[in-house]
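Structure first, then comments.
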């Protein structure tokens with residue numbers, strides 16, 4: 014046998030990294046127009062805008078929060094169609110630039126089909142890492158039956174534009190979406206934002222949204238969600254959600270930051286949301302706790318403060334606040350769950366989702 | 014509260030992406046010199062070379078195999094030291110260039126500490142994606158006790174040079190390594206090569222090497238491991254391993270390719286290795302099987318052929334060949350396990366390792 018031609022020396026896949034949409038009669042749709050529905054955005058946005066905080070907040074937000082609010086973590090587009098092929102045309106606010114997060118996770122889109130509770134992965138955008146725009150076939154099906162489609166938008170990048178390409182003449186309708194009364198708002202860190210999932214659908218809030226019939230509003234701000242009161246006041250302008258999850262300990266570092274911010278943040282929310290269930294989740298372990306007793310001790314001190322804060326509020330009469338210990342969410346082999354000792358991979362996120370699912374279901378049922 | 018300075022608008026971590034080795038009195042060591050041991054390379058290599066196939070094969074190899082043999086998938090450096098800080102200096106053969114694999118996975122190095130069976134992750138190299146060389150602190154410990162250190166080298170890139178930086182005067186010794194008689198050679202595809210683990214240690218052969226006291230030789234060749242007889246003849250020049258794993262179905266596509274290559278490949282190996290346990294593993298499901306019955310049917314046809322081939326060889330008197338059905342390795346939610354429907358994430362690789370561990374232990378014990 015002679016040598017084979019090998020065109021993709023560094024690509025691990027027989028599929029070309031860039032899959033241009035084939036020359037077919039595509040009709041391009043705006044996701045801001047019906048029957049498309051945008052999930053995961055807390056505030057009403059004008060067409061063309063995808064921002065996870067108010068467009069014009071009453072107070073100046075911390076710069077990191079203000080910038081990262083444009084990242085579309087947890088934002089989803091949902092619709093029903095019998096299209097056998099779904100394409101997307103994307104204009105990013107920037108290019109892929111992270112060494113421990115894939116371009117597909119930072120800037121890509123993935124698609125799931127089926128109803129909540131029975132969704133299956135159907136495709137991810139593959140595109141040049143260096144490009145700030147792409148047009149690709151996201152998924153293709155052998156049959157043209159009607160399906161509910163959910164697209165998960167980029168975790169660590171903003172979008173200047175998004176269009177959805179479907180074959181002309183295909184069926185297109187609104188898909189069922191959970192009522193606003195079942196919203197779950199999750200505030201936190203880079204981990205909450207989805208760092209470092211391999212593709213958007215594997216961020217833990219997106220995994221949970223496939224299992225629980227509730228709209229998740231993902232307010233994770235990488236390195237910047239530090240429990241600032243102006244952020245709490247901005248979040249409190251949302252209509253009261255069913256559940257609010259507080260998952261920002263990893264951004265606090267020193268216990269002083271947690272002591273200073275947590276009681277104030279919770280008080281601001283509770284004043285505006287008297288009936289919302291609040292779940293305070295302590296941090297999952299960092300890998301270095303396996304050999305660094307001080308790192309472990311710092312986490313346990315932070316955990317104790319959060320537990321005590323919740324207990325104090327409950328004693329004072331607030332029966333709608335609960336503490337969840339993040340210590341065991343990742344399991345005994347927690348050092349295997351992150352890319353860098355801190356940021357979860359799809360493995361870590363799947364375990365976090367597994368551990369959070371039942372507590373959230375119980376709170377929703379109350 | 015005024016706005017905060019936010020210096021890293023797109024980075025999800027408070028740790029700088031590039032961590033230069035601090036100005037300390039580092040002594041740079043060559044991993045090709047004792048007491049360092051290189052694991053995962055089948056053939057003896059001169060200092061400076063890390064290649065997963067013979068340097069000068071007797072026959073011309075398929076170009077893809079020949080190129081990717083330089084990728085250091087499954088190659089490990091092991092040593093014992095009391096160094097409180099371990100640095101690496103790396104010259105890559107190329108830069109990060111994949112959209113669905115991180116730079117840490119394609120071109121990075123990660124470190125584990127502890128003995129086989131009790132290893133914990135201790136750090137990964139963070140570096141500029143655009144660079145073809147880096148010098149970084151790989152891990153740092155609060156104490157200077159003696160530890161066994163295993164470094165996992167890049168999955169999808171070759172190394173032109175590698176040096177290990179330790180504080181001058183630290184203890185340095187050889188670490189225990191499994192005997193050559195317990196080698197497990199794994200031949201296969203991009204999945205076998207580790208696409209798309211977030212960091213090298215999460216490729217399934219590297220996960221298994223932390224659990225089973227055996228040296229794994231990872232001969233996965235992305236898109237190019239197609240069961241060619243010249244590749245079989247090259248592999249058969251290795252000293253007989255304890256176990257050989259055949260995991261290349263995903264590169265065969267049409268059943269004809271499997272029919273043409275599998276019996277020939279196995280016969281070549283068996284002629285040279287009469288006592289080696291051979292495990293033929295059929296492919297894990299692609300995500301599209303959830304909605305594409307033809308894709309599922311193709312895999313089942315391929316699986317049946319592999320099962321029948323093994324049964325035929327056993328009937329003919331070869332009691333040292335076994336078939337393992339890959340259908341269930343990923344679990345019921347197999348569509349969640351890959352980045353692109355085909356290439357496993359850390360989640361998929363952890364499940365593959367979980368499913369392969371006991372079968373491999375049983376074969377080693379025979």
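Protein chains in written order, with this note's numbering: chain R, 14 to 379; chain F, 14 to 379.
Glycine included, each C-beta is placed from N, C-alpha and C at the ideal position.
Same chain only: Cβ atoms within 8 Å of residue i, ignoring 5 sequence neighbours per side
i	result
residue 82/R	64, 65, 66, 74 and 234
residue 116/R	109, 140 and 142
residue 271/F	240, 262, 265, 315, 318 and 319
residue 311/R	268
residue 178/R	34, 39, 40, 41, 42, 99, 100, 101, 102 and 148
residue 155/F	97
residue 180/F	37, 38, 39, 40, 96, 97 and 98
For residue i: DSSP bridge partner residues
i	result
residue 125/F	134/F and 163/F
residue 148/F	102/F
residue 180/F	39/F
residue 233/F	201/F
residue 357/F	351/F
residue 226/F	DSSP, once it has assigned bridges, lists no residue as partnering residue 226/F.
residue 263/F	Beta-bridge pairing links residue 263/F to no other residue.
residue 185/R	94/R
residue 153/F	98/F
residue 373/F	None; residue 373/F has no bridge partner.
residue 173/R	According to DSSP, which records beta bridges pairwise, residue 173/R is partnered with nothing at all.
Cβ-Cβ separation, residue j to residue i (assumed contact under 8 Å), whole Å
i	j	result
residue 121/R	residue 138/R	4 Å
residue 51/R	residue 103/R	Not a contact, Cβ separation roughly 15 Å.
residue 356/F	residue 194/F	Residue 356/F to residue 194/F, Cβ: 33 Å. No contact.
residue 135/F	residue 304/R	7 Å
residue 259/R	residue 221/R	Not confirmed; about 16 Å, so no contact.
residue 348/R	residue 300/R	4 Å
residue 238/R	residue 78/R	7 Å
residue 289/R	residue 254/R	6 Å
residue 165/F	residue 123/F	5 Å
residue 125/F	residue 362/F	About 15 Å separates the two Cβ atoms, so there is no contact after all.
residue 376/R	residue 256/R	5 Å
residue 53/F	residue 302/F	Contact doesn't hold; Cβ gap of about 32 Å is too wide.
residue 206/R	residue 84/R	7 Å
Residue range of the unbroken beta strand (DSSP E) whose run includes residue i
i	result
residue 335/R	334 to 337
residue 199/F	197 to 201
residue 215/F	That residue, residue 215/F, is in no beta strand (DSSP E); it is neither H nor E in DSSP.
residue 260/R	256 to 260
Cβ neighbours of residue i in the same chain (closer than 6 Å, five flanking residues each side left out)
i	result
residue 368/F	342
residue 223/F	132
residue 278/F	240 and 245
residue 186/R	48 and 93
Limits of the unbroken alpha helix (DSSP H) element including residue i
i	result
residue 267/F	It is not in any alpha helix (DSSP H) - residue 267/F carries neither H nor E in the DSSP assignment.
residue 242/R	242 to 248
Cβ-heavy atom distance, residue i to the ligand PLP, below 7 Å
i	result
residue 148/F	This structure simply doesn't include the ligand PLP, nor any ligand for that matter.
Beta-carbon contacts of residue i that lie in its chain and below 7 Å, excluding the five residues immediately before and after
i	result
residue 252/R	193
residue 440/R	Not covered by the structure: residue 440/R. The range shown for chain R is 14 to 379.
residue 379/R	290
residue 360/R	349 and 350
residue 323/F	293, 334, 335 and 336
residue 275/F	240, 319 and 322
**Request:** Return the chain-ordered ranges of every beta strand (DSSP E) run that is complete within the region 50 to 120 of chain F and spans a minimum of 3 residues.
**Result:** 50 to 52, 89 to 94 and 98 to 105
**Asked** If you scan the region 276 to 338 of chain F from start to end, which runs of the beta strand (DSSP E) of 3 or more residues do you find wholly inside it?
**Response** 290 to 294 and 334 to 337
**Asked** Quick one, which residues of the region 294 to 307 of chain F are near chain A if we go by CB-CB under 8 Å, in chain order?
**Response** This model lacks chain A altogether; the protein chains it does include are R and F.
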